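Residue numbers (our numbering), protein chains in the order written: chain A, 1 to 512; chain B, 1 to 309.
Everything below concerns the one structure shown next.
Following this line, the structure appears as structure tokens:
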């Protein structure tokens with residue numbers, strides 16, 4: 001009797017709970033509102049932006065959003081050629097003076113007119129912004145002879161100047177907005193771009209609306225949602241469920257699956273980034289060029305690129321990716337384990353040697369796995385590499401202290417020119433000397449190349465520079481990165497950009 | 001009682017200062033350099049030195065801690081290195097999301113956990129009891145990370161019932177809340193069951209039944225009241241665990257809460273945000289414990305603090 005009544009009481013309670021859950025379920029299903037609008041693009045990326053202030057950008061996602069809201073005087077198109085944007089034409093008056101004719105009848109998204117004065121306000125601001133200084137520190141003075149002409153003088157002859165001008169860090173911000181928002185401009189961006197900033201829900205989405213007052217052809221998309229989803233698994237599933245239309249950098253093992261899916265298009269395009277096995281030349285063991293060469297010869301790149309990186313990177317033919325500069329020559333080391341062993345013996349290590357091998361995890365495509373495969377390849381010639389996998393912040397700090405021997409390292413050619421990457425990594429006085437390379441000859445060659453304006457002559461000089469780096473064995477290039485995007489077939493006209501940006505001028509999301 | 005609460009609040013304050021100290025010094029021990037993370041790979045040595053000076057990182061450790069504590073007592077938790085916004089603003093923007101998720105998880109855990117626990121106690125060794133105990137064992141052992149992804153796969157991709165990520169209304173809340181409640185639910189079921197079993201064996205319950213009182217009242221009025229004390233304690237502790245453990249769930253479901261903010265801050269070595277976040281979570285956990293103690297003493301007056309005469 002007692003048991004029965006207690007069971008009865010429990011049953012009653014359970015009925016209440018169940019009905020509550022059913023009500024909740026109905027409510028949730030009733031409020032389904034995920035119908036895809038014709039011109040809304042949901043773009044899934046790994047992390048949220050940190051600021052939308054172009055002159056003080058910090059991470060790659062910042063630039064993705066900045067590049068949609070703002071414009072500079074010139075820009076790169078998808079094959080890295082310079083195209084006019086807020087400047088209609090330009091001219092090099094002498095080795096250090098550039099004249100830009102500015103576009104008329106352009107207004108910022110807040111109605112402020114764009115003219116030479118507005119551009120000057122921006123270039124003056126860049127002088128004090130640490131991030132912009134890296135690229136625009138070369139500028140000596142900016143003059144405004146009239147409302148639509150800008151004369152920019154560089155401190156010395158600088159061939160990649162136009163390339164630098166193409167970087168989103170050179171975006172033009174509305175002077176009125178700068179005055180209104182001051183340091184908070186990063187949260188209230190106002191540019192002249194194709195999309196107007198609508199709102200930013202941190203870690204949820206950045207919402208951009210089409211700029212209906214845009215000076216040129218307007219994009220088809222009316223809304224762009226930039227959605228950060230840190231977990232790769234969730235990001236992929238959000239893509240599979242149709243909640244996001246395009247996903248950037250899906251994991252390599254998913255790419256194969258997506259390629260088989262008829263409803264999904266995968267684009268794999270060259271990116272302007274080289275990943276290599278770095279050597280710390282200040283280290284005692286690695287100061288011996290024979291050891292360095294032995295290590296380079298022990299690397300089977302074909303295996304690393306095709307098997308470990310699952311074919312989603314390009315075998316490095318040297319230091320400069322062909323998207324930056326095409327070269328007929330190969331400046332990389334062949335796979336020759338026998339010669340590697342011989343060189344090691346000649347260097348005084350007939351029984352092999354012990355060495356530290358450092359790698360970050362998740363920074364570059366398959367970085368840790370590449371390091372593990374390298375460890376195995378090096379052991380074949382008697383080099384016992386002791387692997388340390390580090391979190392990015394700890395890794396960069398340790399490299400800055402020069403405690404490394406071998407390390408996996410990558411660098412983007414952020415202005416689409418060979419100079420900045422080579423200078424920051426290998427120039428004698430480079431503050432970021434994690435390679436420890438010092439060679440006066442190299443410095444002279446690099447300085448000469450950067451001030452040579454003739455493209456043919458420049459190309460030859462960079463070939464010679466690569467040849468010198470090859471001869472001095474300053475590291476072993478492994479692969480050139482690629483940009484990978486997966487998108488549903490209802491997305492048309494999406495253009496991935498080699499500088500890890502996105503171009504949505506002609507993108508359209510059709511209704512299913 | 002008032003004296004007890006005041007005393008406890010003072011202890012709480014001391015605990016918070018202690019936590020802030022541990023967080024501060026542990027962060028200093030961690031490898032990495034906030035200035036380097038801000039300036040990026042292409043930082044220059046001069047730029048780094050200037051930025052470190054600007055951020056006060058060139059000051060001695062103890063003097064920095066003193067400044068931090070001084071500011072803290074004035075309600076200033078500093079400014080984020082990454083976004084240059086006040087930490088209090090960043091926390092205020094993300095904490096409601098974490099609280100929403102934790103409360104929803106706790107509600108799910110309680111409204112399912114307590115009745116299931118009671119059912120198992122009443123029907124000890126029955127099939128239901130065995131099945132539930134087995135399920136509880138599995139729920140405790142499942143890694144949240146795996147469970148979250150499986151739940152997304154089933155309910156977002158296969159069934160398409162709920163969105164797989166983000167915040168925005170009840171539909172977005174369901175999956176992360178269910179995922180996060182799983183562990184606490186299992187703990188609450190176990191605790192309720194064992195506590196109820198113990199109480200049901202007490203003489204006063206036999207006496208109540210002998211009086212002929214309806215079984216519903218025996219269980220829900222007389223037994224449950226005593227059985228609930230350890231359960232409430234566990235719920236309080238679990239709530240603290242949920243707030244702190246929201247990190248994983250928030251990362252999987254791209255939930256814009258404090259946990260995710262802290263994970264990003266850790267990767268970027270944004271010390272002020274990490275310190276502020278840890279302090280916020282500690283303060284909540286400490287207050288919840290205090291609150292639980294007060295509730296327990298009301299439910300069972302024998303637990304009230306002894307007043308000194």
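Even glycine gets a Cβ: it sits at the ideal position worked out from N, Cα and C.
Predicted, not measured: the structure shown is a model, and the values here were computed from it.
What's the C-alpha gap between residue i and residue j?
{"i": "residue 268 (chain A)", "j": "residue 141 (chain A)", "result": "41 Å"}
{"i": "residue 204 (chain B)", "j": "residue 136 (chain B)", "result": "30 Å"}
{"i": "residue 28 (chain A)", "j": "residue 237 (chain A)", "result": "Legend: pLDDT at residue 28 (chain A) = 48, less than 50; position of this residue unreliable, no value from coordinates given."}
{"i": "residue 496 (chain A)", "j": "residue 75 (chain A)", "result": "14 Å"}
{"i": "residue 265 (chain B)", "j": "residue 203 (chain A)", "result": "13 Å"}
{"i": "residue 25 (chain B)", "j": "residue 250 (chain B)", "result": "26 Å"}
{"i": "residue 352 (chain A)", "j": "residue 66 (chain A)", "result": "51 Å"}
{"i": "residue 34 (chain A)", "j": "residue 94 (chain B)", "result": "Here residue 34 (chain A) scores only 46 on pLDDT, less than 50, and its place in the model is too uncertain to base an answer on."}
{"i": "residue 126 (chain A)", "j": "residue 401 (chain A)", "result": "29 Å"}
{"i": "residue 375 (chain A)", "j": "residue 347 (chain A)", "result": "20 Å"}
{"i": "residue 472 (chain A)", "j": "residue 106 (chain A)", "result": "51 Å"}
{"i": "residue 212 (chain B)", "j": "residue 222 (chain B)", "result": "13 Å"}
{"i": "residue 293 (chain B)", "j": "residue 111 (chain B)", "result": "21 Å"}
{"i": "residue 36 (chain A)", "j": "residue 177 (chain B)", "result": "Interpretation of residue 36 (chain A) is limited by its pLDDT of 46, a score under 50 that renders its predicted location unreliable; the figure taken from the coordinates is listed afterwards. Whole-angstrom Cα-Cα distance: 26 Å."}
{"i": "residue 78 (chain A)", "j": "residue 149 (chain A)", "result": "27 Å"}
{"i": "residue 245 (chain A)", "j": "residue 146 (chain A)", "result": "45 Å"}
{"i": "residue 363 (chain A)", "j": "residue 392 (chain A)", "result": "7 Å"}
{"i": "residue 199 (chain A)", "j": "residue 51 (chain A)", "result": "13 Å"}
{"i": "residue 175 (chain A)", "j": "residue 9 (chain B)", "result": "51 Å"}
{"i": "residue 398 (chain A)", "j": "residue 387 (chain A)", "result": "15 Å"}
{"i": "residue 498 (chain A)", "j": "residue 422 (chain A)", "result": "18 Å"}
{"i": "residue 335 (chain A)", "j": "residue 290 (chain A)", "result": "15 Å"}
{"i": "residue 80 (chain A)", "j": "residue 164 (chain B)", "result": "37 Å"}
{"i": "residue 120 (chain A)", "j": "residue 59 (chain B)", "result": "38 Å"}
{"i": "residue 309 (chain B)", "j": "residue 298 (chain B)", "result": "Here residue 309 (chain B) scores only 46 on pLDDT, less than 50, and its place in the model should not be relied on; the value that follows carries that caveat. Distance between the alpha carbons of residue 309 (chain B) and residue 298 (chain B): 21 Å."}
On a CA-only basis, which of the options is nearest residue i? Give me that one, please.
{"i": "residue 175 (chain B)", "options": "B:255, B:215, B:201, B:220", "result": "B:255"}
{"i": "residue 170 (chain A)", "options": "A:187, A:131, A:194, A:156", "result": "A:131"}
{"i": "residue 385 (chain A)", "options": "A:395, A:188, A:285", "result": "A:285"}
{"i": "residue 390 (chain A)", "options": "A:358, A:402, A:406", "result": "A:358"}
{"i": "residue 109 (chain A)", "options": "A:211, A:115, A:145", "result": "A:211"}
{"i": "residue 124 (chain A)", "options": "A:82, A:172, A:87", "result": "A:172"}
{"i": "residue 310 (chain B)", "options": "B:166, B:13, B:64, B:89", "result": "Lying before the first or after the last residue shown, residue 310 (chain B) is absent from chain B, which here runs from 1 to 309."}
{"i": "residue 481 (chain A)", "options": "A:197, A:105, A:318, A:239", "result": "A:318"}
{"i": "residue 219 (chain A)", "options": "A:289, A:500, A:55, A:493", "result": "A:493"}
{"i": "residue 186 (chain A)", "options": "A:381, A:55, A:421", "result": "A:55"}
{"i": "residue 285 (chain B)", "options": "B:252, B:240, B:248, B:104", "result": "B:240"}
{"i": "residue 484 (chain A)", "options": "A:312, A:262, A:112, A:73", "result": "A:312"}
{"i": "residue 300 (chain B)", "options": "B:245, B:260, B:242, B:228", "result": "B:228"}
{"i": "residue 342 (chain A)", "options": "A:295, A:360, A:367", "result": "A:295"}
{"i": "residue 292 (chain A)", "options": "A:455, A:71, A:381, A:262", "result": "A:381"}
Any heavy atom of the ligand FMN closer than 8 Å to the CB of residue i?
{"i": "residue 201 (chain B)", "result": "With respect to small molecules bound, the structure shown includes none, and the ligand FMN cannot be examined in it."}
Using 8 Å for Cβ pairs, my map puts residue i next to residue j. What's the rounded Cβ distance?
{"i": "residue 445 (chain A)", "j": "residue 248 (chain A)", "result": "About 37 Å; that fails the 8 Å criterion."}
{"i": "residue 232 (chain B)", "j": "residue 295 (chain B)", "result": "6 Å"}
{"i": "residue 436 (chain A)", "j": "residue 281 (chain A)", "result": "4 Å"}
{"i": "residue 302 (chain A)", "j": "residue 315 (chain A)", "result": "7 Å"}
{"i": "residue 197 (chain B)", "j": "residue 124 (chain B)", "result": "6 Å"}
{"i": "residue 135 (chain A)", "j": "residue 161 (chain A)", "result": "Rounded, the Cβ-Cβ distance is 10 Å, inconsistent with contact."}
{"i": "residue 478 (chain A)", "j": "residue 275 (chain A)", "result": "5 Å"}
{"i": "residue 34 (chain B)", "j": "residue 57 (chain B)", "result": "7 Å"}
What does residue i pair with, by DSSP beta-bridge criteria?
{"i": "residue 274 (chain A)", "result": "A:411, A:480"}
{"i": "residue 87 (chain A)", "result": "A:102"}
{"i": "residue 269 (chain A)", "result": "A:483"}
{"i": "residue 279 (chain A)", "result": "A:406"}
{"i": "residue 303 (chain A)", "result": "The partner list for residue 303 (chain A) (beta bridge, DSSP) is empty, contrary to what the question assumes."}
Against chain A, which members of the segment 12-30 of chain B pass a CB distance test of less than 9 Å? 30
Residues of the segment 72-97 of chain B whose Cβ lies closer than 7 Å to any Cβ of chain A, in chain order: 82, 83, 84, 93
Members of the segment 238-252 of chain A that neighbour chain B once the beta carbon cut-off is set at 8 Å: 238, 240, 241, 243
Name the residues in the segment 194-228 of chain A whose C-beta lies less than 8 Å from a C-beta of chain B; which are they? 201, 202, 203, 204, 205, 227, 228
Note down, in chain order, all residues in the segment 376-397 of chain A with a beta-carbon under 9 Å from any beta-carbon belonging to chain B. 390, 391, 392, 393, 394, 395, 396, 397
Proximal residues, the segment 175-195 of chain A versus chain B, C-beta separation under 9 Å: 183, 184, 186, 187
Can you pull out the residues from the segment 226-250 of chain B whose beta carbon lies closer than 7 Å to at least one beta carbon of chain A? none
Can you pull out the residues from the segment 398-412 of chain A whose beta carbon lies closer than 8 Å to at least one beta carbon of chain B? 398, 400, 411
Taking a Cβ distance cut-off of 9 Å, strictly less, list which residues of the segment 30-54 of chain B are near chain A, in chain order. 30, 31, 32, 33, 34, 36, 37, 38, 39, 40, 41, 42, 43, 44, 45, 46, 47, 48, 50, 51
If the cut-off is 7 Å on Cβ atoms, which residues from the segment 165-187 of chain B count as contacting chain A, listed in chain order? 165, 166, 167, 169, 170, 171, 174
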